[in-house]
Structure formats: structure tokens, C-alpha cells
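Novice:
Protein chains: 2
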Amino acid sequence: MTSHGDDVQGGEDRSGTGDRAAAKESPDVEVPAARERARAIPEAAVARLAVYLRVLSGFDEESVTTVSSEELAAAAGVNSAKLRKDLSYIGSYGTRGVGYEVSVLIGQIERTLGLTRKHSVAVVGIGNLGHALANYGGFPSRGFPVSALFDLDPDLDGVPVGGIPVRHVDDIVEVCQEREVTIGVIATPAQGAQEVCDRLVAGGVSCILNFAPVVLQVPDDVEVRKVDLAVEMQILSFHVARRQQDAATANGADLGPLDGAGPVPAEMDSVNGMVVRP
Amino acid sequence: MTSHGDDVQGGEDRSGTGDRAAAKESPDVEVPAARERARAIPEAAVARLAVYLRVLSGFDEESVTTVSSEELAAAAGVNSAKLRKDLSYIGSYGTRGVGYEVSVLIGQIERTLGLTRKHSVAVVGIGNLGHALANYGGFPSRGFPVSALFDLDPDLDGVPVGGIPVRHVDDIVEVCQEREVTIGVIATPAQGAQEVCDRLVAGGVSCILNFAPVVLQVPDDVEVRKVDLAVEMQILSFHVARRQQDAATANGADLGPLDGAGPVPAEMDSVNGMVVRP
DNA sequence: CTTTGTGAAAACATTCACAGCC
DNA sequence: GGCTGTGAATGTTTTCACAAAG
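Protein sequence lines, in the order shown, are assigned to chains A and B.
For the first sequence, our numbering gives the first residue as 1, with consecutive numbering after it.
For the second sequence, our numbering gives the first residue as 279, with consecutive numbering after it.
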């Protein structure tokens with residue numbers, strides 16, 4: 001039910017719980033109640049919990065034992081009301097008038113995010129990015145040991161990268177089953193990505209982090225998140241454009257209502273379906 | 279205005295327009311009207327427009343000249359209503375009963391995203407990830423030429439990576455101003471990131487893509503997006519946990535509506551502020 | 001008849017503001 | 001006094017469903 005047909009995968013969107021199918025398939029029972037707990041946490045809040053966890057780890061290393069919602073929120077870059085709301089989804093672990101105990105909060109967030117269990121990771125596509133991912137210290141240190149690497153290139157077969165020998169993509173199914181890989185990272189070019197994805201799924205992998213610029217087709221019980229650098233850049237580009245346009249129109253507006261549209265290119269006059277200049 | 283204090287930066291969240299500050303600072307004029315156009319496009323829709331653009335480019339290469347909302351939506355992994363709504367934000371460029379002309383749509387989305395102008399990119403931190411980014415073909419091919427690389431390591435000074443010589447981070451301000459860099463990519467470890475960010479901003483960079491696991495402090499007129507691999511993994515982990523838990527509770531619930539709440543822990547009755555069981 | 005474009009409704013997420021507890 | 005936890009209010013995004021257009 002997660003990440004099926006509609007909804008752009010991972011990366012940017014992050015809205016909608018992705019659980020519409022569950023509601024549809026049993027119209028008799030309104031709310032299954034028992035399986036609500038985890039589902040009840042908004043997708044957006046889950047993402048922030050991961051950020052809080054990192055910030056809390058920092059506090060913990062500095063031997064800070066207690067934080068207020070205000071402090072934690074500031075460090076995480078959110079406002080305190082949102083932080084308290086997010087934490088309320090996982091339970092009440094604060095003390096009124098005092099704040100939260102860092103170690104308790106770390107434990108509860110880890111439990112909620114399922115980090116008490118190790119998730120072994122496979123990286124497919126050992127090019128520039130795959131290399132970087134295989135060597136990325138952030139994975140193992142946070143409970144995500146990289147336990148398999150794959151590439152199409154036979155020359156790489158057996159070559160160790162970051163201490164792990166690369167295997168051929170033909171072995172994906174076998175190796176993933178054997179090592180109980182739960183998370184597959186796709187760092188291949190676009191062409192191979194769907195095929196790789198299919199093999200990962202056949203190997204029992206239920207979560208995929210996709211760096212390839214394609215929309216993957218997966219069964220309903222597989223979760224996909226997408227990181228697309230080009231998309232990120234284009235979103236930034238949009239904001240540059242908006243800012244420049246704002247600045248341009250502000251110039252025209254400040255000096256009273258003379259022409260104002262002087263430096264604006266010709267095709268500018270109809271944007272967004274609204275005629276801006278008569 | 280964009281990405282200030284509240285709101286987790288980039289990456290996950292992507293909600294809220296981020297323009298609250300603009301509204302606050304001029305309480306006299308209710309809606310400035312002229313600077314509305316681009317702002318009116320929801321953040322989430324902007325991200326999807328970038329995806330549509332990639333899919334459309336694919337169609338274009340296959341010499342497909344016309345697509346319906348249904349086809350395009352399927353290829354982009356969204357539902358057609360959402361796609362049409364998204365496209366409606368940038369104008370009416372379809373033909374009822376027929377569909378959209380691929381080339382027209384590509385042009386309009388590029389214009390909306392500000393891709394008619396080149397954005398030169400600087401990458402800071404030439405480690406594993408920085409290397410991958412410097413060599414990443416997706417940037418230049420999509421109008422984002424990488425025009426500067428920086429690293430702290432003096433040994434790298436002058437060494438070409440992907441054809442571009444690495445410069446020392448001390449030169450960031452100077453080089454960014456000189457080459458009119460608009461987008462800065464931070465691929466350094468956490469420690470250096472804020473300092474690097476400050477220099478990029480001093481060098482006139484108004485958009486930052488941050489791979490370092492820290493929340494950056496920036497002026498209101500700088501846009502930050504964050505890509506955090508550990509966070510992505512943890513979100514996936516959460517979904518694994520939720521699925522397993524669902525499966526476990528489903529075992530207890532399948533056998534008809536006898537007690538039904540049997541295996542539910544005590545704290546279950548109040549979730550999300552609503553009493554689930556009477 | 002097919003498909004777009006879009007108001008209106010529903011779902012979702014954030015912020016407010018304050019009761020309740022320490 | 002200070003801070004958490006949370007209903008209620010507000011704002012945003014998605015979905016529905018259908019009139020308008022070719």
C-alpha cells in the first residue's frame with residue numbers, strides 16, 4: 001500500500017500517508033484500530049523525528065541530559081509547537097516545567113523508527129555515486145551496515161570497495177536472500193534501474209532508495225524513496241527565478257503605476273493563466 | 279523569506295510555502311498581487327513539475343508529440359487529476375479531447391522553473407560524494423554547469439576533478455562572485471558546513487543544496503534544500519517497522535470481531551488525542 | 001465521445017493558545 | 001513561574017466530479 005501508483009516517489013513530495021488503499025479495501029470496518037499506532041504518525045512528522053534524533057545525539061555527546069522543546073526545536077530548525085506535536089505522536093515522554101530527558105527521547109524515537117533492529121543495506125551500481133555510498137560512514141554508524149555491493153561490470157566482480165567485495169548484478173536475488181537485505185540502494189544509470197529494482201524485490205528487499213532518475217514500478221508492499229539531484233537543482237532554480245521576478249516587479253511597482261513592465265520579456269504577459277498586463 | 283527558522287530544511291518536508299515573512303513585513307498591503315504568479319504554485323507542485331519535465335524529455339526523445347494527462351501521469355507516477363491541477367498552475371496549454379503537445383509543455387515547464395537561464399554551480403567538499411557530484415553528468419546536461427570546486431585540503435588545490443581545478447575553500451567568496459555562482463552544493467562533513475555556507479552566502483550564492491547532516495543558518499533571502507541519506511534510510515526503516523507491526527496485529531485481528539482489541543497494548547486507547555476504544 | 005481545466009469537498013499538516021502539571 | 005501536551009483553528013494539498021471545449 002505504500003508508494004503505489006499515484007504520488008511521486010519519495011524525494012520531494014512527502015505528503016499523503018500513502019495508505020488510501022487500506023481504507024478502500026475494507027469499507028465495512030471504518031478504522032481497523034489495532035494497526036493504527038504507527039500509521040497515525042504523519043509522514044512529514046516521521047521525517048522530522050529522524051532529524052530530532054540526530055540533534056539529540058549531538059546533545060547526548062555533549063553530555064546534555066535535558067532539553068526543552070524550545071531548545072530542541074531551535075537546533076532542529078523547526079518551531080517548538082511543531083516539535084511538541086511531533087513528539088506527542090510517539091507518546092508523552094516530557095516533564096512539564098522541565099523538558100525532555102535526552103536519553104529517553106533518543107530511545108523512544110529509535111524505537112518508533114524501527115532502529116532497534118539492524119537493517120542490512122545493499123548498494124547497486126558502483127560508479128561515482130555508488131562508491132561514495134559504499135564508503136559513506138553515516139550508514140553503518142547509524143545502524144545501517146552495508147552488507148552487499150553489486151555492479152554490472154564483470155571487471156569489478158570480486159573487487160573490494162570500502163572493504164566489501166562487489167558482486168555481479170546477476171547475483172542480487174541470491175545474495176539479498178542469504179544476507180537478509182532489507183534496504184536496497186539503486187545508484188545505477190536510469191536504464192538499468194527498473195531491472196535492478198525487480199531483482200531486489202525478488203530477493204526479498206522491501207525498501208528501496210532510488211538515485212536513478214526514473215519512476216520505479218514496484219508491488220504495493222515495497223516502499224520506494226527517491227533522491228533526484230536534478231530535481232533538487234530545478235526546485236532551487238525555481239526559487240531563484242521567483243526571487244528575481246519578485247525583485248523585478250517590485251521595481252516597477254515602487255515607482256508608481258507608470259509602465260513598470262519595461263524589462264519584462266514579451267512572453268511574460270500571460271503566466272499562470274492570468275493576464276498580468278492588459 | 280524562504281526557509282527561515284521554522285520548517286525543516288528541504289529534503290523531506292516540502293510543505294508550507296515558506297513565505298510567511300513576506301506577508302508579515304507589510305501588514306498595510308494585503309496582497310501585493312504583482313508578485314503573486316510564481317508564489318501561487320504550491321511547493322509540492324514545483325517538485326512534481328521537475329519530474330514531469332524529465333518524463334516529457336523522454337517522450338520527446340522517442341518522438342512522441344502528444345500526451346494525455348493520463349499517460350503523462352502514469353509515466354510520472356502520479357494520478358491524472360493531480361497532474362492536471364499541477365499543470366493548471368502554470369497555464370492552459372492542453373487541448374481538450376486531445377491532450378498536451380510535448381514540446382509546448384517542456385517549454386512552459388522550463389520557463390516556470392527558470393531553466394531558460396543557466397545556473398552555475400559550485401561544489402564544496404571534494405570527498406567521495408563531492409567527486410561523484412563533480413562528475414555527475416546530470417548537472418551540466420540539464421543546464422547546471424559545475425563551474426567551481428572547493429576543498430579544505432591544500433593538497434587538492436589545483437588538482438582537476440572532472441576537468442575543473444579544485445580551489446581552496448578560502449577562495450570561495452572571491453571565485454563565486456567572479457563566476458556568478460547561483461547554486462552552492464555543500465558536500466563537506468558536518469563540522470565545516472556552516473562555515474562553508476557562510477562563505478557561499480558572502481560570495482552571493484542564493485541557493486544551497488546541503489548534503490551535510492546539519493541544519494544551516496542562513497539569511498531569509500537564501501534558499502536551502504537538504505538531502506540527508508541517514509534520514510532517508512530511517513524513514514524507510516520506519517516503514518519496515520510499521521509493516522511488520524501491521525502484520526503482527528493482523529494475525530490477532532483476522533479471526534472475526536470477538537474481542538478484537540486483545541493484543542493491543544494498554545497505551546493504545548488514546549492515540550492522536552482521540553479515544554479509539556470507548 | 002474524449003480529455004482538459006477547475007471549483008468545491010475532503011484530507012492532511014501546521015500553528016495557536018491554553019489547560020494541566022511540575 | 002515555566003513547560004509540556006493537545007484540542008481547536010487555520011492553512012495547504014489532494015481528490016472528486018463535472019462543465020466546457022474540441
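Note that beta-carbon positions come from the ideal geometry of N, C-alpha and C, so glycine has one too.
In three-state DSSP terms, what is ALA154 of chain A?
Specialist: Translated into positions along the first sequence, residue 154 of chain A becomes position 154. Note on identity: in this sequence residue 154 of chain A is Pro, with Ala being the wrong assignment. The answer is helix: DSSP assigns PRO154 of chain A an H, G or I state.
Novice: Go through its chain and collect everything with a Cβ distance to SER295 of chain A's Cβ below 6 Å, but skip five positions before and after it.
Specialist: There is no way to answer for residue 295 of chain A, as the model of chain A reaches only from 1 to 278.
Novice: Among B:GLY481, B:ASN488, B:ALA508 and B:VAL463, which one has its Cα closest to the Cα of ARG54 of chain A?
Specialist: Numbered from its first residue, the first sequence carries residue 54 of chain A at position 54. It is B:ALA508 whose Cα lies nearest to the Cα of ARG54 of chain A.
Novice: Check the C-beta distance from PRO145 of chain A over to VAL166 of chain A and give it rounded, since I have them as a contact under 8 Å.
Specialist: In the first sequence, the residue the question calls residue 145 of chain A occupies position 145. In the first sequence, the residue the question calls residue 166 of chain A occupies position 166. 16 Å between Cβ atoms; not a contact.
Novice: Hey, does PHE516 of chain B have any beta-carbon neighbour from chain A nearer than 8 Å?
Specialist: Residue mapping note: residue 516 of chain B aligns to position 238 of the second sequence, counting from 1. Yes, PHE516 of chain B lies at the interface with chain A (some Cβ there is under 8 Å from its Cβ).
Novice: Using alpha carbons as the reference points, say which of B:GLN512, B:GLY336, B:LEU427 and B:GLU473 lies closest to VAL248 of chain B.
Specialist: In the structure as shown, chain B begins at 279 and stops at 556. Residue 248 of chain B is therefore absent and cannot be evaluated.
Novice: Where does TYR371 of chain B sit, in a helix, a strand or coil, going by DSSP?
Specialist: Counting from one through the second sequence, the residue named residue 371 of chain B turns up at place 93. Note: TYR371 of chain B maps to coil in three-state DSSP.
Novice: In angstroms, rounded to a whole number, what distance separates the CA positions of LEU200 of chain A and ILE172 of chain A?
Specialist: Here residue 200 of chain A refers to the residue found at position 200 when the first sequence is read from its first residue. Here residue 172 of chain A refers to the residue found at position 172 when the first sequence is read from its first residue. Going by the C-alpha atoms only, they are around 6 Å apart.
Novice: Report the partner residues of CYS485 of chain B according to the DSSP bridge assignment.
Specialist: To locate residue 485 of chain B, count along the second sequence from 1; it is residue 207. For CYS485 of chain B, which the question treats as bridged, DSSP gives the partners B:ILE461 and B:GLU501.
Novice: Less than 8 Å between the C-beta atoms of ASP489 of chain B and VAL505 of chain B, yes or no?
Specialist: If you number the second sequence from 1, residue 489 of chain B lands on position 211. If you number the second sequence from 1, residue 505 of chain B lands on position 227. Just to set this straight, residue 489 of chain B is Phe in the shown sequence, not Asp. In this structure, VAL505 of chain B lies closer than 8 Å to PHE489 of chain B by Cβ.
Novice: Candidates A:TYR100, A:VAL159, A:PRO213 and A:ILE183: which alpha carbon is nearest PHE516 of chain B's?
Specialist: Counting from 1 along the second sequence, the entry for residue 516 of chain B is found at position 238. Taking only the C-alpha atoms, the option nearest PHE516 of chain B is A:ILE183.
Novice: What does a CB cutoff of less than 7 Å around ALA328 of chain B pick up in its chain, not counting 5 residues either side in sequence?
Specialist: Taking the second sequence and counting its residues from 1, one reaches residue 328 of chain B at position 50. LEU391, listed in sequence order.
Novice: When you compare the CB of GLU223 of chain A with every CB in chain B, is at least one pair closer than 8 Å?
Specialist: By one-based count along the first sequence, residue 223 of chain A stands at place 223. So, interface residue.
Novice: Quick one: is ASP364 of chain B buried, meaning 16 or more other Cβ sit within 10 Å of its Cβ, or exposed?
Specialist: Here the question's residue 364 of chain B lines up with position 86 in the second sequence. The residue is buried, with at least 16 neighbouring Cβ atoms inside 10 Å.
Novice: For chain B, find out if any of its Cβ atoms is closer than 8 Å to the Cβ of SER206 of chain A; answer yes or no.
Specialist: For this step, residue 206 of chain A is matched to residue 206 along the first sequence. It does; some Cβ of chain B falls within 8 Å.
Novice: Is the shortest distance between the beta-carbon of PRO140 of chain A and the beta-carbons of chain B less than 8 Å?
Specialist: Within the first sequence, the letter at position 140 stands for residue 140 of chain A. No, PRO140 of chain A lies away from the interface with chain B (no Cβ there is under 8 Å from its Cβ).
Novice: Within its chain, find whatever has a CB closer than 6 Å to the CB of ALA353 of chain B; leave out the 5 residues flanking it on each side and keep chain order.
Specialist: Numbered from 1 along the second sequence, position 75 holds the residue referred to as residue 353 of chain B. Closer than 6 Å at the Cβ level, and outside the excluded window around ALA353 of chain B, lie VAL333.
Novice: What residues from chain A crowd round GLU452 of chain B, counting only those whose CB sits closer than 7 Å?
Specialist: Along the second sequence, read from residue 1 onward, the residue named residue 452 of chain B stands at position 174. Simply none; closest approach about 21 Å.
Novice: Beta-carbon of GLY125 of chain A versus every beta-carbon of chain B: anything under 8 Å?
Specialist: Mapped onto the first sequence, residue 125 of chain A falls at position 125. Not one chain B Cβ lies under 8 Å of GLY125 of chain A.
Novice: Give the straight-line distance between the Cα atoms of ALA34 of chain A and ILE164 of chain A, rounded to the nearest whole angstrom.
Specialist: Position 34 of the first sequence, counted from the start, is the residue given in the question as residue 34 of chain A. Position 164 of the first sequence, counted from the start, is the residue given in the question as residue 164 of chain A. Any reading at ALA34 of chain A needs caution, since the residue's pLDDT is 36, under 50, leaving its predicted position unreliable; the model's value is listed next. C-alpha separation (whole angstroms): 42 Å.
Novice: Between the alpha carbons of GLY192 of chain A and VAL161 of chain A, how many angstroms are there, rounded?
Specialist: To locate residue 192 of chain A, count along the first sequence from 1; it is residue 192. To locate residue 161 of chain A, count along the first sequence from 1; it is residue 161. Taking the straight line joining both Cα atoms gives about 21 Å.
Novice: Strictly under 8 Å for the Cβ-Cβ distance: is ALA400 of chain B near chain A by that measure?
Specialist: On the second sequence, position 122 is the one that residue 400 of chain B refers to. By this cut-off, ALA400 of chain B is not an interface position.
Novice: Closest to VAL401 of chain B by CA distance: which of A:ASP246, A:ARG243, A:MET233 and A:VAL98 is it?
Specialist: Here residue 401 of chain B refers to the residue found at position 123 when the second sequence is read from its first residue. Comparing Cα-Cα distances from VAL401 of chain B to each of A:ASP246, A:ARG243, A:MET233 and A:VAL98, the minimum goes to A:MET233.
Novice: Can you tell me where the beta strand (DSSP E) with VAL124 of chain A in it begins and where it stops?
Specialist: In the first sequence, residue 124 of chain A corresponds to position 124, counting from 1. Residues 120-124.
Novice: Taking the alpha-carbon of GLY369 of chain B as reference, which of B:ALA526, B:CYS475, B:ALA318 and B:GLY355 has the nearest alpha-carbon?
Specialist: Residue 369 of chain B sits at position 91 when you count from the first residue of the second sequence. That would be B:ALA318, whose Cα lies nearest to the Cα of GLY369 of chain B.
Novice: Alpha carbon to alpha carbon, how far is GLN472 of chain B from GLU61 of chain A? Give it in angstroms, no decimals.
Specialist: Position 61 of the first sequence, counted from the first residue, corresponds to residue 61 of chain A. Position 194 of the second sequence, counted from the first residue, corresponds to residue 472 of chain B. So the two alpha carbons sit approximately 19 Å from each other.
Novice: Where do the ends of the alpha helix (DSSP H) carrying VAL437 of chain B lie?
Specialist: Position 159 of the second sequence, counted from the first residue, corresponds to residue 437 of chain B. Careful: VAL437 of chain B lies outside any alpha helix (DSSP H) and carries neither H nor E.
Novice: If you run the structure through DSSP and keep just helix, strand and coil, what is LEU115 of chain A?
Specialist: Within the first sequence, numbered from 1, the residue matching residue 115 of chain A stands at position 115. Looking at LEU115 of chain A - three-state DSSP - the assignment turns out to be coil, as it is neither helix nor strand.
Novice: Using a Cβ-Cβ distance under 8 Å, would GLY355 of chain B count as near chain A?
Specialist: The residue given as residue 355 of chain B occupies position 77 in the second sequence. Yes - at least one Cβ of chain A is within 8 Å of the one on GLY355 of chain B.
Novice: Just tell me which of A:LEU115, A:ALA134, A:ARG48 and A:GLU101 has its CA closest to the CA of ALA73 of chain A.
Specialist: Here residue 73 of chain A refers to the residue found at position 73 when the first sequence is read from its first residue. The residue with the shortest Cα to Cα distance from ALA73 of chain A is A:ARG48.
Novice: Taking all protein chains shown into account, decide if SER484 of chain B is buried (16 or more other Cβ within 10 angstroms of its Cβ) or exposed.
Specialist: For the purposes of this step, residue 484 of chain B is identified with residue 206 of the second sequence, where counting begins at 1. Buried, since its Cβ has 16 or more Cβ neighbours within 10 Å.
Novice: Alpha carbons only, please: which of B:HIS409, B:GLY481, B:GLY336 and B:VAL356 is nearest the one belonging to PRO381 of chain B?
Specialist: By one-based count along the second sequence, residue 381 of chain B stands at place 103. Strictly speaking, residue 381 of chain B in this sequence is Ser, with Pro absent from that position. Closest by alpha carbon: B:GLY336.
Novice: For ASP151 of chain A, count neighbouring Cβ atoms within 10 angstroms of its own Cβ and tell me buried if that reaches 16, exposed if not.
Specialist: For this step, residue 151 of chain A is matched to residue 151 along the first sequence. Buried, because 16 or more other Cβ atoms sit within 10 Å of the Cβ of ASP151 of chain A.
Novice: So for SER63 of chain A, helix, strand or coil by DSSP?
Specialist: Counting from one through the first sequence, the residue named residue 63 of chain A turns up at place 63. Of the three classes helix, strand and coil, the one that applies to SER63 of chain A here is coil, per DSSP.
Novice: So, with DSSP's three-state summary, where would you put SER335 of chain B?
Specialist: Translated into the one-based positions of the second sequence, residue 335 of chain B becomes position 57. Here SER335 of chain B sits in helix by DSSP.
Novice: Check the C-beta distance from ALA465 of chain B over to GLY405 of chain B and give it rounded, since I have them as a contact under 8 Å.
Specialist: Taking the second sequence and counting its residues from 1, one reaches residue 465 of chain B at position 187. Taking the second sequence and counting its residues from 1, one reaches residue 405 of chain B at position 127. Yes, they are in contact, since the Cβ atoms of ALA465 of chain B and GLY405 of chain B sit about 7 Å apart, within 8 Å.
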